[in-house]
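First up is the structure itself, then whatever we jot down about it.
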Amino acid sequence: MKELLHSITVQRRVIGALLMREIITRYGRNNIGFLWLFVEPALYTIVITLIWHYTRAGRITSLPITAMAVTGYISIQLWRNIVGRVKNAVSVNNAILFHRNIKVLDVFISRTLLEVFGAFFSFVVVSTIFINVGWMGYPEDTLKIILAFLILSWFGASLALNLGSLISRFPIFDRIWKPISYALFILSGLFFIVDWLPPDGRHIVLLFPMAHGLELLRDGYFGSMFTAHYDIGYAAICCLGMTLSGLLLLNLTGRGWDAE
Amino acid sequence: MILVKNIVKRYQTRNGYHTVLDGISFSLKKGEKIGILGRNGAGKSTLIRLLGGIEDPDSGTIRRDMKVSWPLASKGGFQGSLTGADNLRFICRIYGVGFEDKMRFVEEFSELGKYMHEPLKSYSSGMRSRLAFAMSMVIEFDCYLIDEAMSAGDARFRDRCRYELLEKRSDRSIVMVSHDHRQMRQFCNVCYVLQNGALYRFDNPDAAFSYYKNAQ
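Quick look at the structure:
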């Protein structure tokens with residue numbers, strides 16, 4: 014018990030140190046620094062929303078287009094960025110894995126946390142801007158939004174855990190991931206809501222946990238304007254399964270050290 | 440005490456597995472200082488990494504009953520895009536020690552001056568070695584793993600290393616990899632030669648060196 018407490022203390026310390034280090038190496042001191050964490054995704058979302066806003070897309074549906082774009086983009090950004098940051102974390106961090114008390118899992122966790130915080134703050138900032146400009150209404154159900162964030166983060170984190178472990182030992186998976194990520198990108202519901210799809214289509218899309226997450230997110234935002242289709246329990250079980258398989262893979266691949 | 444029992448380490452190559460360490464056993468008591476000799480590719484750094492717990496052996500066990508340092512090498516352990524000061528801050532956080540008073544020691548020992556606040560990638564190999572060595576002295580370990588960490592420095596730097604390790608911390612253990620006969624004689628009381636995956640023990644460095652020369 015005492016040993017467990019000690020290792021938890023060490024792990025918290027290590028993750029904290031890794032977070033600080035990630036922030037410095039990623040956002041630098043000479044850039045606009047930490048602020049970049051929010052500005053970069055915010056700019057992306059604004060561009061996407063503007064394109065959507067000024068093309069014909071807005072006339073096809075009565076749904077609030079800006080809210081559609083913001084929720085869709087943020088959800089993708091959330092899990093894709095987690096995976097993107099974590100999948101090559103072992104090879105990038107070879108140097109600091111020289112320290113025995115830094116575990117590969119710590120590196121994964123710190124990178125995941127930073128992405129989740131980043132995505133959340135950019136979501137808040139972007140939403141606030143558009144609400145004040147008048148392009149978007151106030152969110153209807155904050156609890157659902159938070160829950161959706163948790164589900165999407167969990168999905169990203171567990172996917173990243175699997176991929177990161179595999180890639181550390183077999184770099185070929187990095188290439189295999191690319192086509193899969195495009196498929197997930199399309200299936201996630203960035204450009205549609207599940208209700209628009211025919212029954213067969215719904216069935217396929219709802220096999221994927223991130224689609225449930227996005228539907229939940231949109232339900233929390235403008236749920237009174239459409240019929241949302243999601244199953245939190247199903248998404249959670251998928252994520253749990255992926256987490257367990259990821260931890261198992263991580264255990265098998267160890268520190269994934271490349272012999273030089 | 441470090442107890443190494445029957446460790447085997449293999450790496451995958453294009454032509455099947457290459458066994459680097461083939462059933463090595465030895466022990467290291469507190470205060471003992473051992474040197475490891477071997478040709479390039481003999482597995483010295485691999486052994487050091489296993490002792491440091493960076494990699495696990497394929498079979499066999501390593502028991503560490505004392506606080507073992509990370510492998511002090513000319514590369515590895517630090518982030519190139521961060522400054523020396525940032526790296527020090529990171530190390531202090533990882534090992535849970537205060538930062539302020541350590542900064543003074545590292546600045547003084549490494550003699551980096553304003554380079555302390557420049558990214559590590561702009562350092563020469565001598566500067567890197569000085570910083571790496573200074574940082575490992577900031578954290579108190581019972582056993583220091585030194586993988587040719589002093590070879591890049593000048594005479595003055597080596598003198599300071601000797602003072603920090605042998606005089607100020609004479610009660611600690613050392614596992615050292617070096618090609619330098621004089622350094623080995625100065626630092627170690629027991630010497631091992633690593634050859635074809637096996638470890639041969641010699642009770643004084645001179646005997647180890649003459650065996651090593653003849654074996655080549």
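Chains as they are written, first to last, in the working numbering: chain A, 14 to 273; chain B, 440 to 655. Glycine included, every Cβ here is placed at the ideal spot set by N, Cα and C.
C-beta neighbour in chain B for residue i, strict 8 Å
| i | result |
| --- | --- |
| F121(A) | no |
| A272(A) | A caution first: A272(A) carries a pLDDT of 39, below 50, which makes its placement in the model unreliable, though a value can still be read off. Yes, A272(A) counts as interfacial toward chain B. |
| L257(A) | no |
| L254(A) | Residue identity check: residue 254(A) is Gly in the sequence provided, not Leu. Judged by the 8 Å Cβ criterion, G254(A) is not in contact with chain B. |
| L174(A) | no |
| N101(A) | no |
| F111(A) | yes |
| I193(A) | no |
| G267(A) | yes |
| I115(A) | yes |
| A249(A) | no |
| A55(A) | no |
| A170(A) | no |
| A80(A) | no |
| A224(A) | no |
| A2(A) | In this structure chain A extends from 14 to 273, so residue 2(A) is not present and cannot be described. |
Beta-carbon separation (whole angstroms), residue i vs residue j, contact threshold 8 Å
| i | j | result |
| --- | --- | --- |
| F544(B) | V577(B) | 6 Å |
| I37(A) | D525(B) | 6 Å |
| I487(B) | I441(B) | I487(B) to I441(B), Cβ: 12 Å. No contact. |
| L262(A) | S178(A) | 4 Å |
| V614(B) | I473(B) | 6 Å |
| D208(A) | F239(A) | 6 Å |
| A80(A) | Y243(A) | The pair is not a contact, with the Cβ atoms about 17 Å apart (cut-off 8 Å). |
| P258(A) | E153(A) | It is worth fixing the name first, because residue 258(A) is Ser in this sequence and not Pro. With a Cβ gap of about 35 Å, S258(A) and E153(A) do not count as contacting. |
| L203(A) | F221(A) | The Cβ separation is near 12 Å, so there is no contact. |
| S140(A) | V83(A) | 6 Å |
| K100(A) | I180(A) | 5 Å |
| L521(B) | R124(A) | So it is not a contact: roughly 16 Å between Cβ atoms. |
| L570(B) | G519(B) | 12 Å between Cβ atoms; not a contact. |
| T485(B) | L511(B) | The Cβ separation is near 16 Å, so there is no contact. |
| W509(B) | G491(B) | 6 Å |
Interface flag, residue i vs chain A, CB-CB below 8 Å
| i | result |
| --- | --- |
| R569(B) | no |
| F572(B) | no |
| G482(B) | no |
| I441(B) | no |
| F529(B) | yes |
| F517(B) | yes |
| S520(B) | yes |
| P644(B) | no |
Test: residue i CB closer than 8 Å to a CB of chain D
| i | result |
| --- | --- |
| A646(B) | Within the model displayed, chain D is absent; protein chains A and B are what it includes. |
Residues, ordered as in the chain, of the stretch 26 to 42 of chain A that lie near chain B by beta-carbon distance below 8 Å
R26, V27, G29, A30, M33, R34, I37 and T38
Check distances from the C-beta atoms of the stretch 486 to 502 of chain B to those of chain A and list, in chain order, the residues that come in under 7 Å.
G491, G492, I493, E494 and D495
Which of the residues in the stretch 456 to 479 of chain B, read from start to end, lie with their CB under 7 Å from any CB of chain A?
none
So within the stretch 606 to 636 of chain B, which uninterrupted alpha helix (DSSP H) runs reach at least 4 residues, ignoring any that extend past its ends?
620 to 626
Whole alpha helix (DSSP H) elements within the stretch 78 to 143 of chain A, 4-residue minimum
The qualifying runs are 78 to 99 and 102 to 105.
I want to know whether the stretch 443 to 453 of chain B touches the stretch 579 to 590 of chain B - three or more CB-CB distances under 8 Å.
no
Contiguous beta strand (DSSP E) assignments of at least 3 residues, all confined to the stretch 487 to 517 of chain B:
498 to 503
Inter-stretch contact at 8 Å, needing at least 3 Cβ pairs: the stretch 628 to 639 of chain B / the stretch 603 to 612 of chain B
no
Contacting positions in the stretch 525 to 549 of chain B - beta carbon closer than 7 Å to chain A:
D525, F529, R532, I533 and G535
I'd like the ranges of any alpha helix (DSSP H) spanning at least 4 consecutive residues and lying wholly in the stretch 513 to 556 of chain B.
Runs found: 523 to 534 and 539 to 549.
Validate contact between the stretch 467 to 486 of chain B and the stretch 241 to 256 of chain A using beta carbons, cut 8 Å, 3 pairs:
no
Do the stretch 106 to 113 of chain A and the stretch 211 to 230 of chain A meet, that is, are 3 or more Cβ pairs less than 8 Å apart?
Touching, no, given that fewer than three Cβ pairs across the two stretches are closer than 8 Å.
Validate contact between the stretch 614 to 634 of chain B and the stretch 527 to 547 of chain B using beta carbons, cut 8 Å, 3 pairs
Because the criterion of three Cβ pairs below 8 Å is not met, the stretch 614 to 634 of chain B and the stretch 527 to 547 of chain B do not touch.
Using 8 Å as the cut-off, can you tell me whether the stretch 90 to 105 of chain A makes contact with the stretch 509 to 524 of chain B, which would need three or more C-beta pairs spanning the two stretches below that distance?
No contact exists between the stretch 90 to 105 of chain A and the stretch 509 to 524 of chain B.
Tell me whether the stretch 150 to 168 of chain A and the stretch 91 to 99 of chain A touch, counting them as touching only if at least three CB pairs, one residue from each stretch, are closer than 8 Å.
Flag = yes, the stretch 150 to 168 of chain A and the stretch 91 to 99 of chain A touch.
Which ranges does the alpha helix (DSSP H) cover as unbroken runs of at least 4 residues, wholly within the stretch 561 to 600 of chain B, from first to last along the chain?
564 to 577
Could you tell me whether the stretch 548 to 567 of chain B touches the stretch 623 to 632 of chain B, using the rule of 3 or more Cβ pairs below 8 Å?
no
Complete alpha helix (DSSP H) runs within the stretch 192 to 256 of chain A (minimum length 4 residues, chain order):
212 to 218 and 222 to 235
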